[in-house]
Every structure is written in structure tokens, then in C-alpha cells.
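J.:
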Amino acid sequence: MRTTRVPAACAPWVRTRLRTAPGISAALAVLVLLTAFLAAAFPRAVDAYETRALRHDVTTAQPGQSVLEVTTPPPALGQPAAVRERAMREDALSRAGKALVGTLPAPLRADVPRSSYGVHTTKPVVADEPWLPRPDAMPPQLGYAAPSALAAHSTLRSGRWPVVRDEVTLESREVEAAVTEETAAALHMRAGSTITVPTQRGKPLTVRITGVVTPLRPESGYWAVEPLYRSPSLVRDPGSPTPVFYWTATLLLPPGAGPALLATMSEPELYWRLAPDASHLAASDASRLGTAVAEVENGPGLLRLRDIAGPNTTLTTDLDAILDAQLGMRAAIDPVVTVAAVGTGAVAVVVLLMTGGLIGARRHHELALLRSRGGSLRGIGRRLLAETAVAVLPAAALGLLLAVLLVPEARFPPAAAGAAVVAALVCVVLPLRTTLHHRRPLLHGARDDMANARPSRRRTVVELTLLVLAVGAVAALRRRGTTTGSGADLLVSAAPVLVGLIAALVLVRLYPLPLRLASRSLARLRGAVGFLSLARAGRASSSSTLPLLALLVALTTAAFGGSVLAGVADARDDASLRAVGADARISGEGALSPVPEDVIDRVRAVDGVEDLAAVRIEYGTPLAASRDVRSDTKRATLVAVEPESYARLARATGLPAFPAGALAGGAGPDGVLPAVASPGLAERLGDGRHTVHSQAGDITVRIAAVLARTSAVGDPGFLIVDATAPALRKPTTLLISGAAPDPAQLRAAALDAGPEYAVRTRSAERGTFADTPMQSGAEGIYGAAIVAGAGYALLAVLLSLLQTAPERTTLLAGLRTMGLTTRQGRRLLAFEAMPQALLAAFGGLLVGWATIVLLAPGVDLAALALAGGDPGPPRTASLRVDLRSLALPALGVVVLAAAVGGTQAWWVSRRGSIRELRAGDTR
């Protein structure tokens, strides 16, 4: 029997809701999409810049540090000659190299095109040819190597490539070789030159040079691991009592000529230089890569290498040190980045909760009607969950997809987890929060005004608990910093958020007091707008803590992020100033030859040069022994300056003022020069006279002033005198101040001063502190966190105003029928929004400033700011209050609140009052 399907009595709930209220669903979907995108993009961005940093550190490290060098001696003397010769030949080395590459444990891989192998000598041999250069009458000592693929790594400049004529053995007495252009020029070699190498069996080995080559990539591991392959070097004889130097260099034999070195006394060695391949590495591979390096260096992996290359094989590399440095920088930067993530995430959660509250308030009467007609809480919750999921889940998936597409080369699971958390939060909290309001029938009762609210005991307990957490987090951060040694501490990273939360709760408790006082004062005035606006602000629900919390946390996060970026910028400016001493510097390292006067005049005329201080610097100047000296101080850095120009330089660069008056007058009648000293040197020297053995002659000085820091030198032991003596007037360094001196013109002037002089600019030096992907990635995340926090803060203002927009519209319509003008309506709504906006703005300024002051001692930005610079003494970089990050978001909150109120009043005046009055008064 055929059954007929009875059509449903009503349309499906979800479809009906989406058709009747598409705007709310679309707005919720857009908010979820943006939040899910940020939640998914953050871990991917961190993963991406850490991956780039790992690859950058491995690929840009000096080849001598990153290369895995496997070495082994040739077979023992007890082995047959054929066995020893076979191990030194090209095919045996190639097979062993392939096997070594294949046995490396993952994720450690070798970049085969950049790797090399061969045979080289470990003990240089004296070359007695009379035509070789002999500085200090010492003959050169030469090494010999037979590297693989010489033709692929160099270009032939003259002669021909060396080749193996016959099979080379222990008995071979002539082989060919090539030398680089630098070696040929320094040692007077050319094609056809021969070198005689003594052997163990009497008859010498002749090495005939057949060609001169030029390295193709001198910085590659093929040439840079052993620099003597590329260029010769002057070496001091360690056994000579006087400085005596001799040349040392390496001659390059063709592959296959290695067996001939067995007959020499140069102790040949087999080697395989495996360049690490970083193209496949990800951030998560850093610790595993360190473990793999340790395994092949001193663990089970070394046993496998010895099975291939020989029982005495060793592996040496500094790749583990590179990885340790990279992991150390990551451990220092990640906790600082986590602070930004926690702050922005907290603001996003609060805004999502506000959105759920707004949607629930708009549907309060609808759901109350369903509940009064027998609707169960479970059924209502399921319907709310279904209609929320329809809008939220596709939006979260789209946000995840955008994050994956826009931030490539990163792990997917953390991003998926972030987007899933956002979707789950909205899908669970919104229906749950809305449904729980209808557990029991709600009757109209007393208003829950903010001005008359009395916090419950439960709320007091919660606030006290949060206060204890905030105090503990701030104390922990100030005491031990942002990391515990094993990574970021979430409680410590949440310190700015907790401070903002406590401030919001305190401000909500204090908020009724100024409202009551202002209302009493305005009640005595004749105008009604001010009184009505404050009365309306006081009638706001006490549940409006959530918007204020969002605003304060957002403003605190923006202020903290701005202070981080400002602290980083200040640290780099200060470090570059310490390195250069001025906006530009022309000097020669250790050079005492004076800068010509015409060069000084030429530098003054360079575009962008505003002022110039010519100083004389003598490093390591001896101090004469004296009974007044309170320690064993023997040397200092002597700086001879013209006081007035040097004082102008200090003012232009922002350094402590230079006491030019202390040097005024020059030497006294007794010939003693007043001097300005560093604090440590002044304490050790005392107040007496001291003789300084300057390069220009002995001078006597007396400490006249103390200066903590000076432009010319970064040495903590400096002594500054007036350049009054004729010899001291000859400057060796030019310190230049100016907005943007032309580097090209400065270099041209320095070239005229002499080949030892070079130009250093403060801007170029500053750039060296920000050239790593780890730093640029972390700074980009902080910038994005500031923008996202400010955006969520403005969204919180809009949501808080939209939640009461219908009520304000009805009120304004009713007041207009009583004679309220359009201008008065705008003022009324703007003034009504002002108290809470001003509370949030001024509270945000105060809390942001307090947060930075409280947390600054525990936040060290040195790794983020200075990791790319030259290694030096440990330096610190602290947070600094950034007025723009404090003031601009707070000002934006006030402006937006006023603009929304004025816009709403204008819109109501255009629509008229009939429609709002027909809708009824909202209570």
C-alpha cells in the first residue's frame, strides 16, 4: 500500500530565522571569520618566521661553522700498498661520500651540490725553491689537496687544468696542480712552475703547476672551510723570539692524485665536507636537528660513519652551536610575543561574548514567548545551536582557509585548533548564555541601574581572586621575566590582561560616585539635556562591565605593544649610537695618521652634514705609575677634543651634556691639563696629577669632571683632554652630525684621507640590528596585535551602543514630540555615551601607563631588538611608554562614541517619530 507523505505544518526553524534576520547572521559570520582568521594566522605566522629564521641561520652561517666535516686518516702503514692507494682514489671517496650522505639521521640532510670531498695534507711542507718569496728570510710552507670537482667551482684564467696522466700510486714522482690567482700573485707562481716535495723514500715528488684558476663562489664551503685553498696567508713563526713571518698556501691537485701524497711526510687525510640542507627544515625541526647533530658527532651515528669511512673517523661541526643560539633567541622572543597574543585573544573573547549578549538581548521577548508556550530549555538551546552553527562553522572554515593561503610554510594543526576554538566558543557560549536567562519566568522588577548597583558577595569573591592572580602575575614577571627557562608562562604572559581586568572592575565600582555627584549638580541647572544624559548614563545596566573590560584590555594591549615597539626602536638607536658615536664617523681602526685639513673642509661641505667634531683617539694609552692610583690601572683611551664642537655633538646626538667648561683655559701655569674621565677611571685615579704617555708625548692631567658616556669611544675607561698641544691637534677621527649625510660623498672624502680610513653611518649600523627573520616576524606580529586590539576596542564601543540603540531611538522620538530639537537630540545622545567612553579612555591611559611601569623591569627586549648586531657585552632593552599608543586608541574611543550618538540622532530626525512611537516603549 502506498503511503502519502504529510507536509510539515511549518517551515524549518533555521531557514526561517536566516530569512527573517539575515543581517544578524551575516554580521556574526563576518566577526567569526575575522576572529578565526586571526586565531589561525597567529600560530602559523609564528611558525613561519621561526622556520625562516632557522633556515636563515643555517644557510647564512660561515661554512666553517655549519659544514659537517668528516675526516679520517688513510689506511695504516701495515696495510698493503694497493689497499692504501685504493682508499685515496676518486671512486672510493665518491662512494663513501654517497654512503655518508645516506646515513645522516633525519632531519639532518646534506646539500650534495654544495658538498665536497677529497684528500688534503695536515702538515705543511717547507718549499726551498729559490724563486719563492721569503719575507724575513723564511721559506714558505705549502700544503697540498686533491679536492673533488675543481673545474665546477672555479674558472681557468691561464694555463690548463691539472690532470692525472697515468694511475697515480705511491711510486709516482710527478703530479700536476693548480693555484688560485691570489696564491699565484703572492708566491710568484705561474703555469710551468714546479715545487719539489720530499718523500719518505728519498726521491722527491715534483708538483708541476699547470694552471691558475679563480674561485666562482669564494664564500661557499668549497673554498671558505679551508681559506688557504683560496688565498695564501702570512703566518708568524711561533718558535722565533722576534716577530718573523712566512707564507703558507695550498696547491690544488686533480682528483685521483691523492695516492701520491701517501709518500710524503705531510700526513695526508681524507675528508668529506657535507653542507647542511636547510630547504626542508621547519621550526619544529630545530630541537630534533640538534639531537641529530649530537648523534653523528658523539653518538650512535658516529659508529655508522666509522663503518663507512674507517675506524678512526671523526665528525666536527659548529652547527649545534648555531642551533643553540637560534633556540636561545626563540626562547627569549616567544614569551614577549605570547604577551601580545594573550592580550589580543582576551579582547576577542570579550567582544564575542558581547556579540552573544547583544543577540540574546534582541531575541529576549521572542524566546520568552516560546518558553511561556511550553518550549523546553533543551529544545530552545538546540534550535539556537543549529542556527548559530549554520553561520559560524562556514565562517570559521573560511577564516582558516584564508590563514592557510596567506601564511604559507607553517603547520596546519595549531591553526586548525585556533579556528576550532573560536567556532566552539561562539557555538556553545551564545546558545548557552541566551538559554540560561530563561530558566525561570522573568518578571519586571526594580531597575538594575549602574548608579545604584550593589555588588554581591559572589562578585566580590571573584574580584578578589582575580586581584590575587594579577598581583601574582605582575610579581612573577618583575622577578623572573617573561620566561621560566622552559618556555612562556601563560600566567605571566597574561599579566597585562589581568591588570586591565582588575582596573575595569575597580572602575565599575567607582563609576557610580562621579555620576551621582554630577547628576546632583546638573539637576539645579535650567537645561534638561545635561541632566537627561547623565540620568540615562546612570540607568545603564550594571552588566555593562563587559564593554568596559573589552575597552580597557584592548587599550592596555595596544599600549603594551606600542611600548614594546618603542623600546625596540630606542634600544637600536642607542646601540647604533654607541657603535658609531655620531650620525656618521670617519676613522681608521688604530690609525694615528692625522686627517688632512682639506679632507676636513671637504667633509664639512658634504650634503646633509650639519656639524663636525674632529678628535684624536689613542687606544691603550699607558698611564705612568703613581702612588695616588688606587688600583692597577695601567692604560686608558685618550681622546683629545675641541670642547665647544664636542659639546655641540653631544647635544645633537642626545648624549649627556659634555662639560666643556671643565676643559676651558687649557693647561694651567704648572702645565697640567684638566681632563674629563669615565666614572670608573676617575675613581681609580683619584684627584692628583697623573702622567699619560701619549703618542704625541707625555702630558700631565688632573681629573676635572666625570662623564658617564661619551661619543668618541665606547670604552669604559676613557680620558678626554683639550687638544691644545700642537701634537694633540692632529685629529684621527671625524664625528659628524646631520639628518642624512650623503654616504657616497663621505666615502669619497675618506678615500682621500687614506686607505685605512672607513665610513660608518648610524643608519647603516642600526640596520644590522634588525636583519633576522625572527626579529622582523615578531615585530610584525606586535604591529598586527596593536591594530587588532584597536579594532576590537572600537567594535566593543559599537556593540555596547548598538545594544541600547532601540531604546535610545524610542526615547529620542518621544522627546521630539515634546519639543526637543535635532541639535539637542544629538547633544543628548552624545553626552549619554560620553561618561562610559571617557571612563574607558582615561582608565585606558592610566592602566596602560601603570602596566608598562609595573612590567618594564621584567621584560627584556634585547633579543628582539639587538640580536642581529655584532656580538659584544650583554645589553638590555626595556619597555618605554609610547604616548601615541596610549593616546590615539583612547581618543578614538571617545570620538567614535560621540560620532555614533550624533549619527543616531541625525538618522532618527530624518525618519520621523511615528514609527518608533507605534512600536511601543521599550522597558
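Residue numbers for the sequence shown follow the working numbering, so the first one is 42 and each next one is one higher. For each residue, glycine too, the CB sits at the ideal point set by N, CA and C.
(1) Return the chain-ordered ranges of every alpha helix (DSSP H) run that is complete within the stretch 673–756 and spans a minimum of 4 residues.
(2) Which residues mark the beginning and the end of the beta strand (DSSP E) in which Q182 is found?
(3) Does DSSP put R657 in a helix, in a strand, or in coil?
(4) Taking the Cβ atom as the reference point for each residue, do I893 and F699 lie within a distance shorter than 8 Å?
(5) Considering Cα atoms alone, identify which of A536, A595 and L792 is closest to R643.
(6) Find the nearest neighbour of G105 within the set P317, L929, A122 and R807, judged by alpha-carbon distance.
(7) Out of S417, S719, A764 and G755, point me to the one whose CA is closest to A705's CA.
(8) Since L356 and A327 are thought to touch, with beta carbons under 8 Å apart, how far apart are those beta carbons, to the nearest angstrom?
(9) Out of curiosity, what's the CA-to-CA distance linking H97 and G795?
(10) What number of angstroms, rounded off, separates the C-alpha of V391 from the C-alpha of A891?
(11) Look at the Cβ atom of T741, then the Cβ atom of A94, and state whether they are nearer than 8 Å.
(12) Going by CA-CA distance only, name the one from A939, R499, R498 and V538 that's closest to V512.
(13) So, using beta-carbon positions, are A168 and I236 closer together than 8 Å?
(14) Could you check which residue in L173, T251, S234 and R645 has the C-alpha nearest to that of A227?
(15) Residue ranges of each alpha helix (DSSP H) run of no fewer than 4 residues wholly in the stretch 302–386, ordered along the chain?
(16) Tell me the rounded alpha-carbon separation between L696 and A749.
(17) Between V238, V254 and H229, which has its C-alpha nearest G200's C-alpha?
(18) Between which two residues does the beta strand (DSSP E) carrying E111 extend?
(19) Assign P282 to buried or exposed, taking buried as 16 or more other Cβ atoms, counted over all protein chains shown, within 10 Å of its Cβ.
(20) Just to check my reading of the structure: Y287 and M179 have Cβ atoms closer than 8 Å, yes? What is that Cβ distance to the nearest angstrom?
(21) Quick one: using the 10 Å Cβ neighbour count with 16 as the cut-off for buried, is P181 buried or exposed?
(22) Please report how far the alpha carbon of A373 lies from the alpha carbon of E797, in whole angstroms.
(23) Taking the beta carbon of R136 as the centre, do at least 16 other beta carbons fall within 10 Å, making it buried, or is it exposed?
(24) Give me the Cα-Cα distance between R175 and D278, rounded to the nearest whole angstrom.
(25) Would you mind working out which of A387, E91, R127 and T944 sits nearest L322, comparing C-alpha positions?
(26) For T597, is the classification buried or exposed, using 16 other Cβ atoms within 10 angstroms of its Cβ as the cut-off for buried?
(27) Leaving out five residues on either side along the sequence, give the residues of the same chain with a beta carbon under 7 Å from the beta carbon of G252.
(28) Less than 6 Å between C-beta atoms, sequence neighbours within five positions excluded: which residues of the same chain meet that for G779?
(29) Determine the extent of the alpha helix (DSSP H) in which Y158 is found, giving its start and end residues.
(30) Between which two residues does the alpha helix (DSSP H) containing L443 stretch?
(31) Starting from A457, trace the alpha helix (DSSP H) both ways and give me its first and last residue.
(32) Decide if the stretch 430–439 is in contact with the stretch 64–79; the criterion is three or more beta carbon pairs, one per stretch, under 8 Å apart.
(33) Have a look at L880 and I543 and give me their C-alpha separation to the nearest angstrom.
(34) Grab me the residues of G758's own chain with a C-beta within less than 8 Å of its C-beta, minus the 5 sequence neighbours each way, in chain order.
(35) How would you label D132, buried or exposed, when you count the other beta carbons within 10 angstroms and need 16 or more for buried?
(36) Report the residue from A882, A536 and S307 whose alpha carbon sits nearest the alpha carbon of L589.
T.: A quick look at the data gives this:
(1) You should have 684–694 and 720–726.
(2) Translated into positions along the sequence shown, residue 182 becomes position 141. Residues Q182 to P188.
(3) On the sequence shown, residue 657 is found 616 positions in, with the first residue counted as 1. R657 falls in the strand class under three-state DSSP.
(4) As a working mapping, residue 893 is identified with position 852 in the sequence shown. As a working mapping, residue 699 is identified with position 658 in the sequence shown. No.
(5) Taking the first residue of the sequence shown as position 1, residue 643 is located at position 602. Of the candidates A536, A595 and L792, the one whose C-alpha sits nearest the C-alpha of R643 is L792.
(6) For the purposes of this step, residue 105 is taken as residue 64 along the sequence shown, with counting starting at 1. The shortest C-alpha to C-alpha distance from G105 to any of P317, L929, A122 and R807 is the one to P317.
(7) Residue numbering aside, residue 705 sits at position 664 when the sequence shown is read from its first letter. Comparing Cα-Cα distances from A705 to each of S417, S719, A764 and G755, the minimum goes to A764.
(8) As a working note, residue 356 is residue 315 in the sequence shown. As a working note, residue 327 is residue 286 in the sequence shown. Not a contact, Cβ separation roughly 20 Å.
(9) Position 56 of the sequence shown holds residue 97. Position 754 of the sequence shown holds residue 795. Taking the straight line from one Cα to the other gives about 36 Å.
(10) As a working mapping, residue 391 is identified with position 350 in the sequence shown. As a working mapping, residue 891 is identified with position 850 in the sequence shown. Whole-angstrom Cα-Cα distance: 22 Å.
(11) To locate residue 741, count along the sequence shown from 1; it is residue 700. To locate residue 94, count along the sequence shown from 1; it is residue 53. No; because the gap between Cβ atoms is not below 8 Å, this pair is not in contact.
(12) Along the sequence shown, read from residue 1 onward, the residue named residue 512 stands at position 471. Per the Cα distances, V538.
(13) Here the question's residue 168 lines up with position 127 in the sequence shown. Here the question's residue 236 lines up with position 195 in the sequence shown. For A168 and I236, yes; Cβs fall inside 8 Å.
(14) Within the sequence shown, numbered from 1, the residue matching residue 227 stands at position 186. That would be L173, whose Cα lies nearest to the Cα of A227.
(15) 327–339 and 341–350
(16) Taking the sequence shown and counting its residues from 1, the one referred to as residue 696 is at position 655. Taking the sequence shown and counting its residues from 1, the one referred to as residue 749 is at position 708. Approximately 10 Å between the Cα atoms of the pair.
(17) In the sequence shown, residue 200 corresponds to position 159, counting from 1. Checked all of V238, V254 and H229; the closest Cα to G200 is V254.
(18) Here residue 111 is taken as the residue at index 70 of the sequence shown, counted from 1. The question names Glu, yet the displayed sequence has Val at residue 111. Run containing V111: L109 to T113, per the beta strand (DSSP E) assignment.
(19) The sequence position of residue 282 within the sequence shown is 241, counting from 1. Label assigned to P282: exposed.
(20) What you label residue 287 is simply residue 246 of the sequence shown in a count that begins at 1. What you label residue 179 is simply residue 138 of the sequence shown in a count that begins at 1. About 4 Å separates the two Cβ atoms, so the contact holds.
(21) Locating residue 181 in the sequence shown gives position 140, where the first residue counts as 1. It counts as buried.
(22) Within the sequence shown, the letter at position 332 stands for residue 373. Within the sequence shown, the letter at position 756 stands for residue 797. If I take the Cα positions, the gap works out to 39 Å.
(23) By 1-based counting over the sequence shown, the position of residue 136 is 95. R136 should be labelled exposed.
(24) Residue numbering aside, residue 175 sits at position 134 when the sequence shown is read from its first letter. Residue numbering aside, residue 278 sits at position 237 when the sequence shown is read from its first letter. For R175 and D278, the distance between alpha carbons rounds to 13 Å.
(25) Locating residue 322 in the sequence shown gives position 281, where the first residue counts as 1. Relative to the Cα of L322, the nearest Cα in the group A387, E91, R127 and T944 belongs to E91.
(26) In the sequence shown, the residue the question calls residue 597 occupies position 556. T597 comes out buried.
(27) Taking the sequence shown and counting its residues from 1, one reaches residue 252 at position 211. The residues are L197, S199, G200, R201, W202, P203, A219 and A232.
(28) Reading the sequence shown from its first residue, position 738 is the one you call residue 779. Same-chain partners within the cutoff: D624, G649, V650 and E651.
(29) For this step, residue 158 is matched to residue 117 along the sequence shown. Here Y158 belongs to no alpha helix (DSSP H); instead the beta strand (DSSP E) covers S157 to T162.
(30) Working through the sequence shown from its first residue, we reach residue 443 at position 402. Counting along the chain, the alpha helix (DSSP H) containing L443 begins and ends at L418 to L447.
(31) Position 416 of the sequence shown holds residue 457. Residues F453 to L477.
(32) They touch, by the three-pair rule.
(33) Residue mapping note: residue 880 aligns to position 839 of the sequence shown, counting from 1. Residue mapping note: residue 543 aligns to position 502 of the sequence shown, counting from 1. Approximately 14 Å, taken between the alpha carbons.
(34) Mapped onto the sequence shown, residue 758 falls at position 717. So the list reads T674, R676, A677, T678, S719, G721 and L722, once near-sequence residues are dropped.
(35) The residue you call residue 132 lines up with position 91 of the sequence shown. By the 10 Å Cβ count, D132 comes out exposed.
(36) As a working note, residue 589 is residue 548 in the sequence shown. It is A882.
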